[in-house]
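Quick note: the sequence shown uses the working numbering, first residue 100, plus one each step. Note that CB positions come from ideal geometry on N, CA and C, so glycine has one too. Because the structure is a prediction, the values reported are computed rather than measured.
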Amino acid sequence: MNSYNDPKLLEYYELHSQIQQCIFQEHTDQYLLIVAIIVGISLIVFFRWWMITKGESKKSKFL
């Protein structure tokens, strides 16, 4: 039996090819999610740093 003429096998190869294309090409949302996480963490760190420095400046005014 020749595997190139088997319609079921060709269907499986086509499905496998479509799955690979879907997995390896559709990553735009993942990059946006990573950027959003990095920006969010940076904003939280900046806000905490700003609140700490703001609190220290208030303490020095009372002394």
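Give every residue of the same chain whose Cβ lies closer than 6 Å to the Cβ of residue i, excluding the five residues on either side of it in the sequence, and list them in chain order.
| i | result |
| --- | --- |
| Ile143 | none |
Closer than 7 Å by C-beta to residue i: which residues in its own chain qualify, once you throw out the five before and the five after it? Chain order, please.
| i | result |
| --- | --- |
| Ile136 | none |
| Ser156 | none |
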